[in-house]
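Written out below as structure tokens is the structure these notes cover.
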Amino acid sequence: MTAADETRGTPQQPPAPPAAPPRPTVPPPPAAPPGEPALAQWLRAPRASAGPGIWRYGHRPRPAPRKDEDGPLRRLVFGALASALLGWLLWSLLWNGYLGRYWLWPLEVLGPSDPWAFVIVGWAYYGIWAIGITVVAARMGRWKELARRTLVPMWHNLQEQAPPTAPPPAADPAVWPELRTHGAPEAADTLTSAARFGSMSDVDAARIRHAWSAVRAGRIPAAKFTAAVRDRGAAAYIHPSGHRNIARRTAHHDLLTRQVRIGTAVDNDRTPHTYRGAGMALDPQLLGTSLLAVGPAGSGKTQRLVRPVVEAMSLQALAGQCALVAVGPAGAALGPDDAFDVIVRPGAADSDHDLDLYGGTTDPDEAAATLAEALVGDMDGVDTRRAATALAQLLGPFRVVHGRFPTVPELRELLDGAAPALGALRDALTDRDGPAAASALRELDVRARQAGRAGDVAEPLTDRIARLDRPAFATFFQPTDTARQVSLRALDRPLRVRIDLPDRGHVEASRILARLILAQFTECAAARADRSLFACLVIADASQIITAEALRGIQRLRSANAGAVLTLRSLEDVPTDLRGALLGAVGCRMAFAGVTTWDGAPFAEVWGKEWVETRDVTDRQIIAHSAGGKALNSLRTVVSGKAPTSQAVTVRQVERERWSASDLAHAVPAGHAVLSVASVTGDSAPPVLVDLRTAPGR
1 MTAADETRGT
11 PQQPPAPPAA
21 PPRPTVPPPP
31 AAPPGEPALA
41 QWLRAPRASA
51 GPGIWRYGHR
61 PRPAPRKDED
71 GPLRRLVFGA
81 LASALLGWLL
91 WSLLWNGYLG
101 RYWLWPLEVL
111 GPSDPWAFVI
121 VGWAYYGIWA
131 IGITVVAARM
141 GRWKELARRT
151 LVPMWHNLQE
161 QAPPTAPPPA
171 ADPAVWPELR
181 THGAPEAADT
191 LTSAARFGSM
201 SDVDAARIRH
211 AWSAVRAGRI
221 PAAKFTAAVR
231 DRGAAAYIHP
241 SGHRNIARRT
251 AHHDLLTRQV
261 RIGTAVDNDR
271 TPHTYRGAGM
281 ALDPQLLGTS
291 LLAVGPAGSG
301 KTQRLVRPVV
311 EAMSLQALAG
321 QCALVAVGPA
331 GAALGPDDAF
341 DVIVRPGAAD
351 SDHDLDLYGG
361 TTDPDEAAAT
371 LAEALVGDMD
381 GVDTRRAATA
391 LAQLLGPFRV
401 VHGRFPTVPE
411 LRELLDGAAP
421 ALGALRDALT
431 DRDGPAAASA
441 LRELDVRARQ
451 AGRAGDVAEP
461 LTDRIARLDR
471 PAFATFFQPT
481 DTARQVSLRA
491 LDRPLRVRID
501 LPDRGHVEAS
511 RILARLILAQ
521 FTECAAARAD
531 RSLFACLVIA
541 DASQIITAEA
551 LRGIQRLRSA
561 NAGAVLTLRS
571 LEDVPTDLRG
581 ALLGAVGCRM
591 AFAGVTTWDG
601 APFAEVWGKE
611 WVETRDVTDR
621 QIIAHSAGGK
631 ALNSLRTVVS
641 GKAPTSQAVT
651 VRQVERERWS
661 ASDLAHAVPA
671 GHAVLSVASV
681 TGDSAPPVLV
691 DLRTAPGR
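Residue 145 in UniProt numbering sits at position 145 of the sequence shown, and the numbers go up by one each step.
As structure tokens, this is what we get:
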């Protein structure tokens, strides 16, 4: 026999089956057929409805819990084996006649006389007994529950691994069925071709869908939309910068749902059942209620929260859906320079743009209100309204004379009461005719009478404006250089702005500018005539900028399709009387690992309590009174080494803090944070422990 014959004759061992892959926390989207572009796969991915904050891309809702699922799986397995063994033993005893023939008397008495019929009825009778014993054993051993907890998940895993069925062409998102249905088949064919040949990105798809929603709303004619898509294809309605994507993404985005994934909800008892193991994400519906994040330096606020949110808003700005203003210290790594349209670096000689100190307004009262908030809004004992009035008494006359607002050195001279500056302004107003000049002259005279009195607000205003009148800012805040100035009045356009504050060496100036930007943003966002774009302000370090007026402005953002993202190293950077109001003004709250107990206490208070079920187990020693009982207790003591006891279990409903200050300080692992979210529609979710290290990049 040859070696080949031996090989053929020897039975081959089948290869070991591969180990089943673990079930993913967030199931992947359906696999695309060979040769299909990734964009079509992305468009077809399921996006189930879910609670606020849940990552919807490929999400499958978690089955509802069952009340009888409180026991461990091994207990079910042992119970099933024991009941099966008892059922088999009982059947063996009956079958072999060890229990007598009493169980056969119905068959012997009522059975037919014909032998063949008796055999058939006999086997049926045996089958009824076998089925009855099996049913009783299954009920006793909870076989149904065991199958639900073992076989059903295996079946679901097999279904998830099976290739998905292709959607019908009429409902395939990759062929743009909504355009075909509503009279734009030519545009749908062009976009389908662009997606098929790889010339379309997810940003292009989101941007064109946004433009189509404007067509459906009547803001863009359908013929104009079709012509734009026919002429430019996937580049239709491109962003004014000409960019169609961001070169280097650091987070996972889904531009159809406008979500950015920041982590995964930890599967533990504290997490609500529907959130366990689900991806956690942020979107404009949540950020529209504003977000506050607190955590020490190095806890990951910038890398794992601010950077993904800024990147998401930048992508949505490219899709024509958002206006972004990102503020942080120089070198805060908010994103690469090519991810922004405008970068303002106050105090840097190489900055190509300047910040408008007056917010682009021509109203002296409005400009004075925001500037007073920036200069003295954080000072105790200084009335911001009086400060705004004092500023308006100078800004109004200056604008009447010069047609613009003053520069920083000019404003400092006016606040300081310099005689030459005030005299020249008064003379110019005296030489002018008209009600505007007369009213401005009266304002200036009132300011002159108030100057120098005890408690005059001009003194603290002068001290603060001097922080901006430094050589480093000599070329900044120039109302005459309108070409370089950036105004937050442009929030009705998809603009991407980054402002790098001069934190090193100009800490107080940076805080003044941060308060100014926050005040201007809340004012301009609420004053927009067109609120179709989501306006987002991200401040990477909000220390010493939270004031009572700022909180009122943040609360107004919710109804203006705008929101703010603020981060703090500690709540100690907020005045004591404003900490509770700050947590109440925002809808989304985030406590990072490493917060102190005094920082965690306000979070614990605002998150409140919940009803939980507790079990108290009490051991009671068994006292025997009879001789036999005493002997049995002695035997149990010798065997177990301790006195025999019985347990009493008490189940109670008690109120417990969702996350106590101690838990936030000591039970949040590194790289995690506790997040609660609320949407502008009123939906909310309780605080969830989120693993921020599991947010994949794309």
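Think of the CB as a built atom: it goes at the ideal place given N, C-alpha and C, for glycine as much as any other residue. Quantities reported herein were computed from a predicted structural model and do not represent experimental measurements.
**Prompt:** By Cβ distance below 6 angstroms, which residues in the same chain neighbour Ser684 in space, the five residues on each side in sequence not counted?
**Reply:** Here residue 684 corresponds to residue number 684 of the sequence shown, with the count starting at 1. If we look at Ser684 and ignore the five residues flanking it on each side, its Cβ neighbours are Ala678.
**Asked** Does the separation of the CB atoms of Ala40 and Ala147 fall below 8 angstroms?
**Response** By 1-based counting over the sequence shown, the position of residue 40 is 40. By 1-based counting over the sequence shown, the position of residue 147 is 147. No, the Cβ-Cβ distance between Ala40 and Ala147 is not below 8 angstroms.
**Request:** Look at the alpha carbon of Pro115 and the alpha carbon of Trp123, and state the distance between them as a whole number of angstroms.
**Result:** For this step, residue 115 is matched to residue 115 along the sequence shown. For this step, residue 123 is matched to residue 123 along the sequence shown. Each residue's alpha carbon lies about 12 angstroms from the other.
**Request:** Work out the CA separation of Pro284 and Pro27 for me, nearest whole Å.
**Result:** Working through the sequence shown from its first residue, we reach residue 27 at position 27. Working through the sequence shown from its first residue, we reach residue 284 at position 284. Because the pLDDT of Pro27 is 36, which lies under 50, any placement of that residue in the model is unreliable, and the number read from its coordinates should be weighed accordingly. When only Cα atoms are considered, Pro27 and Pro284 end up about 24 angstroms apart.
**Item:** Neighbourhood of Ala188 by C-beta, 7 angstroms cutoff - its chain only, sequence neighbours within 5 removed
**Value:** Counted from its first residue, the sequence shown places residue 188 at position 188. Hits under 7 angstroms: Val175, Trp176, Leu179 and Arg180.
**Message:** Just to confirm my understanding: we take Thr25, look at its own chain, exclude 5 residues before and 5 after, and list those with CB closer than 7 angstroms. What are they?
**Reply:** Counting from 1 along the sequence shown, the entry for residue 25 is found at position 25. Its pLDDT being 36, under 50, Thr25 is placed unreliably in this model, and the value from its coordinates should be taken loosely. These residues qualify, in order along the chain: Thr264 and Gly277.
**Asked** Can you tell me the Cα-Cα spacing of Asp431 and Leu444, whole angstroms?
**Response** Counted from its first residue, the sequence shown places residue 431 at position 431. Counted from its first residue, the sequence shown places residue 444 at position 444. If I take the Cα positions, the gap works out to 15 angstroms.
**Request:** Confirm, please, whether the CB-CB distance from Pro460 to Leu429 is below 8 angstroms.
**Result:** Here the question's residue 429 lines up with position 429 in the sequence shown. Here the question's residue 460 lines up with position 460 in the sequence shown. No, Cβ-Cβ distance for Leu429 and Pro460 is not below 8 angstroms.
**Request:** Taking Ser558 and Ala323 to be in contact with their CB atoms under 8 angstroms, please state how far apart those CB atoms are, rounded to whole angstroms.
**Result:** What you label residue 558 is simply residue 558 of the sequence shown in a count that begins at 1. What you label residue 323 is simply residue 323 of the sequence shown in a count that begins at 1. Correcting the residue type first, residue 558 is Arg in the shown sequence and not Ser. With 8 angstroms as the limit, Arg558 and Ala323 do not qualify as a contact, their Cβ atoms being about 16 angstroms apart.
**Asked** In whole angstroms, what separates the C-alpha of Ile120 from that of Leu110?
**Response** Taking the sequence shown and counting its residues from 1, the one referred to as residue 120 is at position 120. Taking the sequence shown and counting its residues from 1, the one referred to as residue 110 is at position 110. In a straight line, the C-alpha of Ile120 is about 13 angstroms away from that of Leu110.
**Item:** Length at least 4, wholly inside the region 552 to 623: the alpha helix (DSSP H) runs in chain order
**Value:** Taking only runs of at least 4 residues, the alpha helix (DSSP H) segments lying wholly in the region 552 to 623 are 579 to 585 and 597 to 607.
**Request:** Report all residues from its chain with a CB closer than 7 angstroms to the CB of Arg656; omit the five preceding and five following residues, and keep chain order.
**Result:** Here the question's residue 656 lines up with position 656 in the sequence shown. Excluding positions up to five away in sequence, the list reads Lys609, Glu610 and Val612.
**Distance between beta carbons of Ser570 and Val294, contact taken as under 8 angstroms** = By 1-based counting over the sequence shown, the position of residue 294 is 294. By 1-based counting over the sequence shown, the position of residue 570 is 570. So it is a contact: roughly 7 angstroms between Cβ atoms.
**Asked** In the structure shown, what three-state DSSP assignment does Leu334 receive?
**Response** For the purposes of this step, residue 334 is taken as residue 334 along the sequence shown, with counting starting at 1. Leu334 carries a coil assignment under DSSP once its states are collapsed to helix, strand and coil.
**Item:** Residue of Ala418, Ser213 and Asp503 minimising C-alpha distance to Val327
**Value:** The sequence position of residue 327 within the sequence shown is 327, counting from 1. Answer by Cα proximity: Asp503.
**Message:** Residues in the same chain with beta-carbon distance under 6 angstroms from Thr650, minus the five sequence neighbours each way, listed in chain order, please.
**Reply:** Against the sequence shown, residue 650 aligns to sequence position 650. Here the set comprises Asp616.
**Message:** Can you confirm whether the region 485 to 500 touches the region 314 to 322 when touching is taken to mean that 3 or more C-beta pairs between the two stretches lie within less than 8 angstroms?
**Reply:** yes
**Prompt:** CB-CB under 8 angstroms to Asp352, same chain, minus the five flanking residues each way: which ones, in chain order?
**Reply:** The sequence position of residue 352 within the sequence shown is 352, counting from 1. Counting only Cβ-Cβ distances below 8 angstroms, and skipping sequence neighbours, we find Ile343 and Arg484.
**Item:** Residue of Arg658, Leu488, Pro364 and Asp691 minimising C-alpha distance to Glu605
**Value:** If you number the sequence shown from 1, residue 605 lands on position 605. Among Arg658, Leu488, Pro364 and Asp691, the Cα nearest to that of Glu605 is on Arg658.
**Request:** May I ask which residues mark the beginning and end of the alpha helix (DSSP H) holding Asp365?
**Result:** Along the sequence shown, read from residue 1 onward, the residue named residue 365 stands at position 365. Unbroken alpha helix (DSSP H) run through Asp365: Pro364 to Val376.
**Item:** Where Arg148 falls: helix, strand or coil (DSSP)
**Value:** Position 148 of the sequence shown, counted from the start, is the residue given in the question as residue 148. Helix.
**Message:** Quick check on this structure: which residue in Val229, Val152, Leu286 and Trp129 has the alpha carbon closest to the alpha carbon of Pro63?
**Reply:** Locating residue 63 in the sequence shown gives position 63, counting from the first residue. Selected option, being the one with the closest Cα: Val152.
**Buried or exposed by the 16-neighbour rule on C-beta atoms within 10 Å, applied to Val135** = Along the sequence shown, read from residue 1 onward, the residue named residue 135 stands at position 135. Counting Cβ neighbours within 10 Å, Val135 comes out exposed, since fewer than 16 surround it.
**Item:** Segments of 4+ residues assigned as alpha helix (DSSP H) that fall wholly inside the region 481 to 550
**Value:** 507 to 526
**Prompt:** Over what stretch of residues does the alpha helix (DSSP H) that includes Val135 continue unbroken?
**Reply:** In the sequence shown, the residue the question calls residue 135 occupies position 135. Counting along the chain, the alpha helix (DSSP H) containing Val135 begins and ends at Pro115 to Gly141.
**Message:** By alpha-carbon positions, which one of Met280, Arg219 and Thr190 ends up nearest to Ala205?
**Reply:** Taking the first residue of the sequence shown as position 1, residue 205 is located at position 205. Here the closest residue by C-alpha is Thr190.
**Asked** Curious, which full-length alpha helix (DSSP H) runs of at least 4 residues does the region 173 to 213 contain?
**Response** 177 to 181 and 185 to 196
**Prompt:** Which residues in the same chain as Leu86 place their Cβ atom closer than 7 angstroms to its Cβ, once the five residues preceding and following it in sequence are excluded?
**Reply:** Counted from its first residue, the sequence shown places residue 86 at position 86. Within the same chain, and ignoring the five residues on either side of Leu86 in sequence, the residues whose Cβ sits closer than 7 angstroms to its Cβ are Ala137.
**Prompt:** His253: buried (16+ other C-beta within 10 angstroms of its C-beta) or exposed?
**Reply:** On the sequence shown, position 253 is the one that residue 253 refers to. Its Cβ being crowded by 16 or more others within 10 Å, His253 is buried.
**Asked** With burial defined as no fewer than 16 other Cβ atoms inside 10 Å of the residue's Cβ, what is the status of Asp337: buried or exposed?
**Response** Walking along the sequence shown from the start, residue 337 turns up at place 337. By the 10 Å Cβ count, Asp337 comes out exposed.
**Backbone CA spacing between Ala228 and Gln316 [nearest angstrom]** = Mapped onto the sequence shown, residue 228 falls at position 228. Mapped onto the sequence shown, residue 316 falls at position 316. Taking the straight line joining both Cα atoms gives about 20 angstroms.
**Asked** Could you give the residue range of the alpha helix (DSSP H) that holds Arg232?
**Response** Here residue 232 corresponds to residue number 232 of the sequence shown, with the count starting at 1. Element bounds for Arg232: Ala222 to Arg232.
**Asked** Would you call the CB atoms of Ala214 and Ala184 closer than 8 angstroms?
**Response** Within the sequence shown, the letter at position 214 stands for residue 214. Within the sequence shown, the letter at position 184 stands for residue 184. It is not a contact, given that the beta carbons lie outside the stated cut-off.
**Best match in Ala509, Leu501 and Gly563 for proximity to Glu523 [C-alpha to C-alpha]** = As a working note, residue 523 is residue 523 in the sequence shown. Out of Ala509, Leu501 and Gly563, Gly563 has the C-alpha closest to the C-alpha of Glu523.
**Asked** Can you check whether the CB of Leu158 is closer than 8 angstroms to the CB of Asp202?
**Response** Within the sequence shown, numbered from 1, the residue matching residue 202 stands at position 202. Within the sequence shown, numbered from 1, the residue matching residue 158 stands at position 158. Against a cut-off of 8 angstroms, the Cβ pair of Leu158 and Asp202 comes out as no contact.
**Prompt:** Near Leu690, what residues of its chain come up, given a Cβ to Cβ distance below 8 angstroms and the 5 sequence neighbours on each side ignored?
**Reply:** Translated into the one-based positions of the sequence shown, residue 690 becomes position 690. The sequence given here places Val at residue 690; Leu does not occur at that position. These residues qualify, in order along the chain: Ile262, Gly263, Thr264, Ala265, Val266, Met280, His672, Ala673, Val674 and Leu675.
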